[in-house]
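K.L.:
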Amino acid sequence: MRPSISVWRVRFPSVSANFPNVECEDEAVHQGVARDDPRRAIPRTDSLLQSAEVVAARERLSDRVITARVRAVVERARRGELAPGAVADAVAADLAAARPSTQTPVLNATGVIVHTNLGRAPLSHAAVDALLAAAGYVDVEMDLASGARSKRGSGTRAALVGACPAAESALAVNNGAAALVLATTALAAGREVIVSRGELIEIGAGFRLPDLIASTGARLREVGATNRTHPSDYAEAAGPDTGCMLKVHPSNFRLTGFTSDVPVRELAALAHERGLPLVVDVGSGLLAPDPLLPDEPDVATALDDGADLVIASGDKLLGGPQAGLIFGRADLVERLARHPLARAVRIDKLALAALEATVDGPRPPVPSYLHADRDRLRARTSRLAEAVGGSLVAHDGRVGGGGAPGVPLPGFAVRLPSSVARPLRTGSPAVLPRVHDDAALIDLRCVPEADDDLLEQAIRAALRES
85 MRPSISVWRV RFPSVSANFP NVECEDEAVH QGVARDDPRR AIPRTDSLLQ
135 SAEVVAARER LSDRVITARV RAVVERARRG ELAPGAVADA VAADLAAARP
185 STQTPVLNAT GVIVHTNLGR APLSHAAVDA LLAAAGYVDV EMDLASGARS
235 KRGSGTRAAL VGACPAAESA LAVNNGAAAL VLATTALAAG REVIVSRGEL
285 IEIGAGFRLP DLIASTGARL REVGATNRTH PSDYAEAAGP DTGCMLKVHP
335 SNFRLTGFTS DVPVRELAAL AHERGLPLVV DVGSGLLAPD PLLPDEPDVA
385 TALDDGADLV IASGDKLLGG PQAGLIFGRA DLVERLARHP LARAVRIDKL
435 ALAALEATVD GPRPPVPSYL HADRDRLRAR TSRLAEAVGG SLVAHDGRVG
485 GGGAPGVPLP GFAVRLPSSV ARPLRTGSPA VLPRVHDDAA LIDLRCVPEA
535 DDDLLEQAIR AALRES
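Adding 84 to a residue's 1-based position in the sequence shown gives its number in my numbering.
(1) If we count the other Cβ atoms within 10 Å of its Cβ and call it buried at 16 or more, is residue 289 buried or exposed?
(2) Go through its chain and collect everything with a Cβ distance to residue 475's Cβ below 8 angstroms, but skip five positions before and after it.
(3) With H, G and I counted as helix, E and B as strand and the rest as coil, what does DSSP make of residue 110?
(4) Hey, residue 436 and residue 149 are a contact pair by Cβ (cut 8 angstroms); roughly how many whole angstroms apart?
(5) Taking just the CA atoms, how far does residue 322 sit from residue 425?
(6) Note the first and the last residue of the continuous beta strand (DSSP E) segment covering residue 314.
(7) Taking the alpha helix (DSSP H) that residue 356 belongs to, which residues open and close that run?
(8) Residue 164 to residue 141, Cα distance in whole Å?
(9) Which value, in whole angstroms, describes the spacing of the CA atoms of residue 510 and residue 278?
(10) Should the segment 311 to 321 be called in touch with the segment 258 to 267, which here means at least 3 C-beta pairs below 8 angstroms?
(11) For residue 209, which of helix, strand or coil comes out of DSSP?
(12) Helix, strand or coil for residue 492? Go by DSSP, reduced to three states.
(13) Determine the direct distance from the alpha carbon of residue 406 to that of residue 146, and round the result to whole angstroms.
(14) Look at the alpha carbon of residue 477 and the alpha carbon of residue 456, and state the distance between them as a whole number of angstroms.
(15) Are there three or more Cβ pairs, one per stretch, closer than 8 angstroms when the segment 268 to 276 is compared with the segment 295 to 304?
(16) Contact between the segment 376 to 392 and the segment 201 to 210: three or more CB pairs below 8 angstroms?
(17) Does DSSP classify residue 222 as helix, strand or coil?
(18) Is DSSP giving residue 543 helix, strand or coil here?
(19) Return the Cβ separation of residue 239 and residue 440 in integer angstroms, given the expectation that the two are a contact with Cβ distance under 8 angstroms.
(20) Is the separation between the beta-carbon of residue 306 and that of residue 344 shorter than 9 angstroms?
(21) Among 346, 550, 401 and 368, which one has its Cα closest to the Cα of residue 389?
(22) Please report the distance separating the alpha-carbon of residue 453 from that of residue 214.
(23) Between the segment 352 to 367 and the segment 325 to 334, can you find at least three pairs of beta-carbon atoms closer than 8 angstroms?
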């Protein structure tokens, strides 16, 4: 008989208990590696999984992720990209750097306050604390005094009304588009929604207002022209098949020149004459007028001018978590809250907690950055420029997030070579500058002052790498 070669498979209880999918094999025989091949010195996966680094990593990562990362390092060694003697250290370094989330904290040095690509509004410390407290079991739908079930989000709804007394009631859903879809569905499904052609905007990711409204089962009734819409356009379109009138602030662009639109007060009077509700989407989440942004509509003014429902975003100028906010008449808000679609767009307990803390807590970062002291910005920027060998230049920040388009926020920046941009983005901490005119511009408006030293260290490291 011809002798046979067996591949022995051995399970070590200390490993298999935590990593049941790891089979410990004689990998040299299994891979057909010659006895004098240096790859025979590669540590076995099962032995690597018993290291102290793996034990520490299990506090942060799942066994599945750890096993995959260890195997990836071993595979690099098999391909000759890594010396066998360096495998254990490479595994330790890889696991030490690994995190359960791929999202990386970033220092926003662009000067854009509500930066959509960076997650829009940074939360206040109060909102973060509330979010963490809500991460466990909380009384989101329970009255602890009676032990009975309570209405979800009642504290947040009360906080929103307290922050905007012009509203009889308020409701929060999971984002601004959802708020608009819910309002349109509840008020006009199977009927017409009248809106100006100049307000048929496209929002982020290619979603367009006409498509959103069509998805609700309502029919869009466009009136006026792109640049000019008059009260008579709405009046002629209104009829027995009209569900509501809608006014949308085109917040992500500006239309100038030969233009006209119908103010909320005038449109509200027209809608109410015909027994129709007026829904106004102000977009940015400004609850009250801000002198820095005189052309930016706000919730309180729209309600005072007669709007029945006003829709806003929670994660823009309000400075809170992602949420769609609905303010207005109590009967209409309750109608929306009871609609079946409200369950599909329900906001989660973490966002409810963060939103309430944003409204009732101290001023969040977004309005603080918007109203940053210009002299203090100059002093901080000048110190940083001197420390890293850059030059101090004038630089205008922006609101961002589709708010206040074309409105500059005068400030300053440190001008550095554009070659430093990539190492800044990929460094630790990650820093996002504005790349413009063959330069990397570091604007401190949205960088917490407590992080100035950290930013300086990141710039020094990036300059060395570039």
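For every residue, glycine included, the Cβ atom is placed at its ideal position computed from N, Cα and C.
Only a predicted model underlies this, so the values are computations on that prediction, with no experimental measurement involved.
P.N.:
To lay it out plainly:
(1) The residue is exposed, with fewer than 16 neighbouring Cβ atoms inside 10 Å.
(2) Excluding sequence neighbours, residue 475 sits near 469, 498 and 499.
(3) Because the pLDDT at residue 110 is just 39, under 50, the model does not fix this residue reliably, and the value given afterwards should be weighed accordingly. The answer is coil: DSSP assigns residue 110 none of H, G, I, E or B.
(4) Contact between residue 436 and residue 149 does not hold, since their C-beta atoms are separated by about 30 angstroms, which reaches or exceeds 8 angstroms.
(5) Using only the alpha carbons, I get a separation of about 26 angstroms.
(6) In the DSSP assignment, residue 314 falls outside any beta strand (DSSP E), carrying neither H nor E.
(7) Start and end: 348 to 357.
(8) The C-alpha of residue 164 lies about 26 angstroms from the C-alpha of residue 141.
(9) Answer to the nearest angstrom: the Cα atoms are 48 angstroms apart.
(10) The answer is no - the segment 258 to 267 does not touch the segment 311 to 321, with fewer than three Cβ pairs under 8 angstroms.
(11) If DSSP states are grouped into helix, strand and coil, residue 209 belongs with the helices.
(12) In the structure shown, residue 492 sits in coil (DSSP, three-state: anything other than H, G, I, E or B).
(13) The straight-line gap separating the alpha-carbon atoms of residue 146 and residue 406 is approximately 28 angstroms.
(14) Each residue's alpha carbon lies about 17 angstroms from the other.
(15) Three or more Cβ pairs drawn from the segment 268 to 276 and the segment 295 to 304 lie within less than 8 angstroms of each other, which places the two stretches in contact.
(16) Taking 8 angstroms as the limit for Cβ pairs, the verdict is that the segment 201 to 210 does not touch the segment 376 to 392.
(17) Residue 222 carries a coil assignment under DSSP once its states are collapsed to helix, strand and coil.
(18) Per DSSP, reduced to three states, the secondary structure at residue 543 is helical.
(19) Right, the Cβ-Cβ distance comes to about 6 angstroms (below 8 angstroms), so this counts as a contact.
(20) Contact flag unset, no.
(21) Out of 346, 550, 401 and 368, the CA that lies nearest to the CA of residue 389 is found in 346.
(22) Near 22 angstroms, if we compare the C-alpha coordinates of residue 214 and residue 453.
(23) With three or more CB-CB distances shorter than 8 angstroms, the segment 325 to 334 counts as touching the segment 352 to 367.
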